[in-house]
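Read the structure below first, then the notes.
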Amino acid sequence: MEFRILGAVSAVTGAGDLPLGPAKRRSLLAALLLSPNRPVPVERLTASLWDHEPPARARGVVQGHVSRLRALLAGVDARSCGVELITQGAAYALRMPETLLDAHRFEELVTRARDQRAPADAVATYREALSLWRGPALADAYPSPPLQAAAHALEDLRIASVEQLAHGYARLGEHARAAAVLRAEATAHPLRESLAAALVEALRKAGRRPEALDWFHRTRRLLADELGVDPGRELTDAYTAALRGEADDPTATPSRASTTLAPPPDPAPPAVPGAEVPDLLPRAPRGFHGRAAELAALSRAAAGEAPVCLVTGPAGVGKTALVVRWAHRGRAGFPDGRLYADLRGFGGTGEPTVIEVLREFLAALGVDRRRIPESANRAAALFRSLVADRRLLVVLDNARDSAQVASLLPGGPRCVTVVTSRNRLRGLIATDAARPVPVDVLGPEDGTALLAGVLGEERVRAEPEAARRTAELCGGLPLALRVAAARLADRPDRTLSAMNAELSDATRRLNLLDVEDTGVRAALRLTTRQLPTHVSHHFAHLGRHPGAHFDTYAVAALAGTDPATAEAALERLDTAHLVTETAPGRWVLHDLVRLYARGMDAGPDALPRVLDHYVATALAAAAVAEPGNEACFAMPADFHAPAAVREFATRADAVAWYAAERDDLALAAAASRAAGLHGRTWRIVMAQWPLIVWRVLDGWAPLLETAVEAARADADPRGEARARSVLGWVLLAEGHATAALTRMEGAPALAARAGDPSGEATALVALSLAQAALGDPAGAAEGCARAAGLARGARDRTTERLALQHLAQHRLQAGEYRAALDTATEALAFDGVAGTAAVSRVLLLTTMGEALLGLGDEDGGIRRLDLAAREAESSGYEDGAVRALRALLKVSADEGFRARHDAASRGLMARH
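When the letters of the sequence shown are read in order and numbered with our numbering, they come out as residues 683 to 1594.
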């Protein structure tokens, strides 16, 4: 099997291309393929399918396309190739060997080609990589902004590879071939100066000087007409060489626009005649690695007119190292000087005043200290006038807020200012059009490389997995990685694995990541010290949050406040890079920040409060997702009622919340169990029953086992009976009928002992499924009939309908098609009485369709199955959609049916 995005989006098997269907489904597959083996949130998938405000039913459309893709993959047994489309919370992930994706193979080949020293080998590898392209990337996908951005990025990599291929030909002396491959690309991208420069150079070296000069003038005119700019340094240099007729130097390396880190220098006099060019930059950082994207972003921002670049990120992420590295590599771009000031906005030694910084700047520019004005305003005016026409770099490091840097901005059109801060400084963006360059933690590869830079390649190469684990335990934070490496650098006998064993202890990790007065804890202490009291209060309580993500309701519950107050605190924490908003209204903490917050005083009630928030919200979601069902439990006696509970307008909203919070609900149950809060543990699990019903095959058994144990420890037979019933049902769906029967056998008696007829009926229905699976259809039908009677006596129409639904299914399996159809029809008549239960309705429609097929009514059966599939997709019930689609596919596989209904089948599939 193979997936392709370098051209039209396609999935290819031995039998040919899979029929992916409409553009939006191909676009959804493309969005998943762009992030293989990683969860892609529904919000990002939605953004990939619409380039404007998505419709109200967007989530249902996404779920429908996911269901169709799953059915297609199941039809070709994609799992045997390691391919599986799974659900992870409020996201989907396409698990697959990345070698099945043409873009991954392309990037691997390009990387290999870069590392090959022999020009002939590099040329062959680049040609192999470029042969994977079959047209523009994502050619037939929906032109949404995220997919267009991805396509442009892939196209940039392709063009860069073409340029490198041409360079390889040049190293072999085959300049005519280099010109041939470059001409095609330069024609297609006439405003890309790097291509034009390389082509001019290739034509010159091939002895075609007139063509080289002609191509330069053609490009120059285009740049002037289209962009109103002159050619840049690289293209001008190539033209000058062609104009002079310079001989080819086979050892020369062509200049590359991609390596230009700052604007090209223009001749300009120093700030003060006779003065030396000032350079206040700190020394270049050692062991620096990675950050190619951030370095490129700085270069692009710096190339603009009068730019102010704003480099932001959390404490210890390496903002200063990044900027100083960039500034040293781009020194030539600032011939009039490089100024630097540490504003110490987050230090413990006090901030320098504006006049103190200006004195240093003016003195460096050659102004006699005795002639520097005493007034900060006058000094700032003198500074601006001196540098107004100079090409100068000003680095303002560790700024606390926008006001701290306002008087230090040079303002000249040829000056570049780079500001770093732990705060986002949105005011600077508003007043000076500062261009943000966010800096995040390092990925595993770059983190490992940083360790190698400090410890040496051999030591890291000896323990590659341990080095990667060290990077993970340090959360990719460069400061933490350097501290960990420092602990090992002077102890050559100590292994990385031994360090990891210590770092794995969360209670000791922050202590181990501090050396002297440097480390993660010290950096975070300086950041949190500036927080207002109420914000610090919320931050301390975040350390008690049991999950990975949190919203304003969860934070309010933790801190004992209300959602509006919590939201204001989160905004302030986000500004300080102490929390990160990963999706609208959803935040996360970096692992080391969480450990730091956990060490603050939050009081004993924070965990019970947030657990009760989850229980209350899950029940509110259940009431909307499955209306008409009774509450599955009462609240515990010491329940902490939240100040506010999220409201859900539609079933889709409720199910989306369940899906988004699933992992965090599991973590909450684990934290509750560890704290011995058994009553809350099983309630958190059981409150998720709508999602369990909708996605029964998503690995719920371990969590439900926890619920059974917790209910038993809580001495609550009603809760234990219900947990056993749901656990048995899940095990049965997973194919473990004997284990399911074992778990469920005692459930009816437990419910009866608790005086819970509805629970007893539910337990009997679940038990009947195991009985049927183990070859006792009569016992199964009898149990369902008894369950229907119990529910009817308790006036529980929802459970009565459930019992009839399964009774119909048992009769269908027994070949009693007429009885199955009548029973399903009776159950469907409950719609509008007990509330519309989408899952039950889909399953009943499917049973009716299969029963009608069994009775020979193919048209009626197809209509019911098609309706079931469409309703399942629109409501997000994926398992129901798969079951209905399988029934349809099974019918269409029949030769006689296919001959009679070929046209109808094509119309049915086209609608989906």
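All residues carry an ideal CB built from backbone N, CA and C; glycine is no exception.
Residue i to residue j, Cα distance in whole Å?
{"i": "aspartate 784", "j": "valine 1005", "result": "35 Å"}
{"i": "alanine 1496", "j": "proline 1459", "result": "7 Å"}
{"i": "aspartate 919", "j": "threonine 901", "result": "14 Å"}
{"i": "alanine 1273", "j": "leucine 1185", "result": "Going by the sequence as given, residue 1273 is aspartate instead of alanine. The straight-line gap from Cα to Cα measures roughly 12 Å."}
{"i": "glutamate 780", "j": "leucine 1494", "result": "43 Å"}
{"i": "glycine 1058", "j": "phenylalanine 898", "result": "Here the sequence assigns alanine to residue 1058, which means glycine is not the residue at that position. Cα to Cα, alanine 1058 sits roughly 49 Å from phenylalanine 898."}
{"i": "serine 1557", "j": "alanine 1288", "result": "36 Å"}
{"i": "histidine 786", "j": "leucine 1347", "result": "35 Å"}
{"i": "alanine 879", "j": "leucine 755", "result": "47 Å"}
{"i": "threonine 1152", "j": "lysine 1001", "result": "21 Å"}
{"i": "leucine 962", "j": "leucine 1074", "result": "12 Å"}
{"i": "arginine 865", "j": "glutamate 735", "result": "41 Å"}
{"i": "alanine 1341", "j": "asparagine 1182", "result": "33 Å"}
{"i": "glutamate 1498", "j": "glycine 817", "result": "56 Å"}
{"i": "proline 1286", "j": "histidine 1223", "result": "10 Å"}
{"i": "methionine 683", "j": "serine 1440", "result": "49 Å"}
{"i": "alanine 740", "j": "proline 704", "result": "15 Å"}
{"i": "leucine 877", "j": "threonine 1177", "result": "48 Å"}
Excluding sequence positions up to five away, which residues of its chain have a Cβ less than 7 Å from the Cβ of residue i?
{"i": "arginine 1435", "result": "Pro1399"}
{"i": "histidine 1227", "result": "Ala1236, Leu1240, Val1292"}
{"i": "valine 954", "result": "Summary for valine 954: the model assigns pLDDT 43, below 50, so the residue's position carries little reliability; its value from the coordinates is reported in the next sentence. Result list for valine 954: Leu1047, Gly1048, Val1049, in chain order."}
{"i": "phenylalanine 970", "result": "Ala1003, Arg1007"}
{"i": "leucine 904", "result": "Pro872, Leu873"}
{"i": "glutamate 1154", "result": "Pro1126"}
{"i": "glycine 956", "result": "Note on glycine 956: pLDDT 41, under 50, position unreliable in the model; no value is reported."}
{"i": "alanine 772", "result": "Pro723, Val724, Ala1338, Ala1341, Ala1342"}
{"i": "glutamate 1482", "result": "Ala1470, Ala1473, Arg1474"}
{"i": "glycine 1461", "result": "Gln1453"}
To which residues of the same chain is residue i closer than 8 Å at the C-beta, ignoring the five residues directly before and after it?
{"i": "aspartate 1256", "result": "Arg1106, Thr1262, Glu1263, Trp1269"}
{"i": "serine 826", "result": "Ser709, Ala729, Ser730, Leu731, Trp732, Asp733"}
{"i": "arginine 926", "result": "none"}
{"i": "arginine 1362", "result": "Pro1290, Leu1293, Asp1294, Val1297, Pro1318, Ser1354"}
On the three-state DSSP scale, how would you describe residue i?
{"i": "leucine 1224", "result": "helix"}
{"i": "isoleucine 1054", "result": "coil"}
{"i": "threonine 1528", "result": "helix"}
{"i": "tyrosine 774", "result": "strand"}
{"i": "arginine 1268", "result": "strand"}
{"i": "alanine 1496", "result": "coil"}
{"i": "aspartate 784", "result": "helix"}
{"i": "phenylalanine 1232", "result": "strand"}
{"i": "glutamate 684", "result": "strand"}
{"i": "aspartate 1396", "result": "coil"}
{"i": "valine 993", "result": "strand"}
{"i": "arginine 1545", "result": "helix"}
{"i": "glutamate 1402", "result": "helix"}
{"i": "arginine 708", "result": "helix"}
{"i": "alanine 1551", "result": "helix"}
{"i": "proline 1318", "result": "coil"}
Do residue i and residue j have their C-beta atoms closer together than 8 Å?
{"i": "arginine 1072", "j": "glycine 1094", "result": "yes"}
{"i": "alanine 1383", "j": "valine 1367", "result": "no"}
{"i": "alanine 1569", "j": "glutamate 1532", "result": "yes"}
{"i": "serine 1450", "j": "histidine 1418", "result": "no"}
{"i": "glycine 1410", "j": "alanine 1448", "result": "yes"}
{"i": "threonine 994", "j": "valine 1121", "result": "yes"}
{"i": "alanine 775", "j": "isoleucine 768", "result": "yes"}
{"i": "leucine 1110", "j": "valine 1087", "result": "yes"}
{"i": "arginine 1404", "j": "cysteine 1466", "result": "no"}
{"i": "alanine 1116", "j": "valine 1202", "result": "no"}
{"i": "valine 1123", "j": "leucine 992", "result": "no"}
{"i": "leucine 1260", "j": "phenylalanine 1321", "result": "no"}
Can you name, in chain order, every residue of its own chain whose Cβ lies under 6 Å from the Cβ of residue i, other than the five neighbours on each side?
{"i": "valine 792", "result": "Ala811, Ser843"}
{"i": "phenylalanine 685", "result": "Ala693, Leu715, Leu782, Leu783"}
Is any heavy atom in the ligand COA found nearer than 7 Å to the beta carbon of residue i?
{"i": "valine 1524", "result": "Judged by which ligands are present, the structure shown has none, so any question about the ligand COA falls away."}
* State whether the segment 792–811 contacts the segment 843–853, with contact taken as three or more CB pairs (one from each stretch) at a distance under 8 Å. => yes
* Specify whether the segment 1012–1024 and the segment 1139–1146 touch according to this definition: at least 3 beta carbon pairs, one from each stretch, less than 8 Å apart. => no
* Report yes or no: do the segment 712–723 and the segment 737–747 share at least 3 C-beta pairs separated by less than 8 Å? => no
* Is there contact here, the segment 793–802 with the segment 696–715, by at least three beta-carbon pairs under 8 Å? -> Three or more beta-carbon pairs separated by less than 8 Å are not found between the segment 793–802 and the segment 696–715, which leaves the two stretches without contact.
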